[in-house]
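First the structure, in the form of structure tokens, and then the observations on it.
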DNA sequence: ATATAAAAATAAATCGATTAAGCTACTTTG
DNA sequence: CAAAGTAGCTTAATCGATTTATTTTTATAT
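Chains as they are written, first to last, in the UniProt record's numbering: chain V, 1 to 340; chain S, 1 to 340.
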């Protein structure tokens, strides 16, 4: 018993496939097809469990009911959570997700965009690396909806959902200063993406306000964690005077904790720590680590809402919107209890 | 400038699209097409950056160059890592991944399988919930390659990649016993999937061997973590005599640590802990928590290798293979240094 | 009774590829 | 020199849907 096609249905019912197609696409009324026929076709289709071949459908209509999701790295808890939430809402709205990890690699991302185009995805959700401005511009020019998140491309006028990065680190750093810390470093991955620039700036602003000198260490990202640990270890060994550090991402923060553990640096007694992105590692550390929690649900929610809206108002180019969400500084004391 | 089709190429070069197609598919020699023409076409295609429409291609050939990946929950670090590794190797081999989270929900999984079929994915990678035996059977009957991992369906004869679950918990439990612990519980999510049954059994075997009585607590899974914490807290409050616990998954282990933190139970002084699945939370806990590390890379590697092999030997039904990998008990002492 | 409009259904083109089968012109061969 | 072979392309069918244009049937008005 091979797969049924619309022709099989039409033949079996002695009607034309056109009729079947109209009925199946809810255009029966519009095309004034007799109620009894509609009934008969609907029933039979239900009975034999016929499903239209979506490839053929996509080929003809140009719509694939698929959304392309490009994150930095799907194995990063932050992106994994967002992907999960987006996935759920996409499926509920009849869309499937094709995802991929860009690794912040411009060339790879360009190829992936081409791959997505090739597969005729209806919409794009991208946490963009730099250097893909032209490609995104082209997508927009071709009328394809694009929503960015976590960061955006300043030169490209498109919708994006972000958090208030600058205020987040500013606020976190001020928190440390108010607690009496005086030698506060900012450690993060080397990146000139918008979110990271803002995070560094927020830190610097806070220090400037109190007339401290900023100490920023940028680590070059590497798949191999050893290559992150090494330079960071060297940095901390060199700057013995530090009494606090703000980490720019969960990953770099986690590496930092590993290093402190190895070096026997006590957190927060020897070194106060605040990391961007909150997750179990920080919550369970003892004592738990203060973290800048991103509103993951809200981010995912906004991203998919904006995209779905664009998908449904095809052609009508609504002015692009940028949504900036607030983060939540999860202050965790030196008590061993979980505050969260 | 809209997208070029093969007809555009053919017209422009004044050849038939058949010729272009043959050349593009590397069948020029076979179809004895003149070298100069091949040259001319290749060059022009390169020049204008023509890419065949993959939907049309898939419709005609029946191949979509897509692999469907169904995990329990993409936001779980274990599955996220595996997904990431599989993704990488799939892309390298010209395959794209469509993924989804099953939530171990039978009905949802059935629908997702249908969705995948509908999209003509070439191969399936599934961490299967129970109850989808018939659906998988049908896939196999229709000649579609399926590889399972993390667990398998005993009634279905298909390839799968797993770890030695029984020995893993047996070994971990014995380790605790040898350390002198006498009241060891096993806490996990309620599940009758193969991997979980084996994990429980391994624990029981070890206890039986030493004539201890097993204490197994099965928590009903819930999206809302509160609903996991609550019954588990009740369990630990009730069993004050426990001095050690083996957790069946990373998620349940993490919840356990949160509870101990709340209750002020010191790990491992008041309660020794070993959890299945290793990740940063366990490594960074102080003192770090002993964990049963799954060979994530190997699992992903084997899964994709087996699947690619099946995809390349289409039709030739090779006997199905089961691959059982070894886990690694990461023993972490009470020293504060990272052993890992 | 006939022209006209409305209702109901269909034929055929199309989306963009692949591929079996066929055609033409030239070269071999007996 | 005619028959057979082969090199080099092309024609047309096909995959499975959607959709435009068209036809057939029935109802209504004149």
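For glycine and all other residues, C-beta sits at the position ideal for the given N, C-alpha and C. Given the structure is predicted, the values throughout are model-derived calculations rather than measurements.
Can you find a CB in chain S that lies within less than 7 Å of the CB of residue i?
i	result
residue 251 of chain V	no
residue 335 of chain V	With a pLDDT of only 40 at residue 335 of chain V, under 50, the local geometry of the prediction cannot be trusted, and the value read off the model is given with reservation. No, because no Cβ of chain S sits closer than 7 Å to the Cβ of residue 335 of chain V.
residue 80 of chain V	yes
residue 327 of chain V	no
residue 343 of chain V	Any answer about residue 343 of chain V is impossible in this case: the structure gives chain V only from 1 up to 340.
residue 254 of chain V	yes
Between residue i and residue j, which are expected to be in contact by the criterion C-beta below 8 Å, what is the C-beta distance as a whole number of angstroms?
i	j	result
residue 80 of chain S	residue 181 of chain S	Going by Cβ atoms, the distance from residue 80 of chain S to residue 181 of chain S rounds to 32 Å, so no, they are not a contact pair.
residue 110 of chain V	residue 74 of chain V	The pair is not a contact, with the Cβ atoms about 19 Å apart (cut-off 8 Å).
residue 77 of chain V	residue 279 of chain V	5 Å
residue 236 of chain S	residue 259 of chain S	6 Å
residue 303 of chain V	residue 146 of chain V	Actually they are not in contact, since the Cβ atoms of residue 303 of chain V and residue 146 of chain V sit about 11 Å apart, beyond 8 Å.
residue 59 of chain S	residue 319 of chain V	The Cβ separation is near 37 Å, so there is no contact.
residue 244 of chain S	residue 328 of chain S	20 Å between Cβ atoms; not a contact.
residue 322 of chain V	residue 159 of chain V	7 Å
residue 399 of chain V	residue 6 of chain V	Outside the shown range of chain V (1 to 340) lies residue 399 of chain V, about which nothing can therefore be said.
residue 254 of chain S	residue 281 of chain S	6 Å
State buried or exposed for residue i, treating a residue as buried only when at least 16 other CB atoms are found within 10 Å of its CB.
i	result
residue 202 of chain S	buried
residue 324 of chain V	exposed
residue 248 of chain S	buried
residue 151 of chain V	buried
residue 122 of chain S	buried
residue 209 of chain V	exposed
residue 226 of chain S	exposed
residue 234 of chain S	exposed
residue 326 of chain S	exposed
residue 268 of chain S	buried
residue 283 of chain V	buried
residue 87 of chain V	buried
residue 190 of chain V	exposed
residue 332 of chain V	buried
residue 117 of chain S	buried
Would you please verify whether the beta carbon of residue i is less than 7 Å from any beta carbon of chain V?
i	result
residue 98 of chain S	yes
residue 281 of chain S	yes
residue 54 of chain S	yes
residue 103 of chain S	no
residue 37 of chain S	no
residue 321 of chain S	no
residue 188 of chain S	no
residue 43 of chain S	no
residue 237 of chain S	no
residue 119 of chain S	yes
residue 192 of chain S	no
residue 69 of chain S	no
residue 24 of chain S	no
residue 272 of chain S	no
residue 5 of chain S	no
residue 21 of chain S	no
residue 140 of chain S	no
residue 84 of chain S	yes
residue 275 of chain S	no
residue 207 of chain S	no
I'd like to confirm the pairing. Which residues does DSSP put opposite residue i in its beta bridges?
i	result
residue 71 of chain S	S/101
residue 290 of chain V	V/274
residue 322 of chain S	S/160
residue 219 of chain V	V/189
Over what stretch of residues does the alpha helix (DSSP H) that includes residue i continue unbroken?
i	result
residue 43 of chain S	35 to 48
residue 284 of chain S	280 to 284
residue 10 of chain S	6 to 13
residue 245 of chain V	Residue 245 of chain V -> not in any alpha helix (DSSP H); beta strand (DSSP E) instead, spanning 244 to 247.
residue 259 of chain V	250 to 263
residue 126 of chain V	Segment 123 to 126 is the beta strand (DSSP E) holding residue 126 of chain V; no alpha helix (DSSP H) there.
residue 132 of chain S	First-last for residue 132 of chain S: undefined, no H or E at that position.
residue 234 of chain S	226 to 238
residue 149 of chain V	Here residue 149 of chain V belongs to no alpha helix (DSSP H); instead the beta strand (DSSP E) covers 146 to 149.
residue 77 of chain V	77 to 92
residue 297 of chain S	296 to 312
residue 16 of chain S	Segment: none, residue 16 of chain S is in no alpha helix (DSSP H) and carries neither H nor E.
residue 26 of chain V	First-last for residue 26 of chain V: undefined, no H or E at that position.
residue 204 of chain V	194 to 209
Along the chain, where does the beta strand (DSSP E) that runs through residue i open and close?
i	result
residue 330 of chain V	328 to 330
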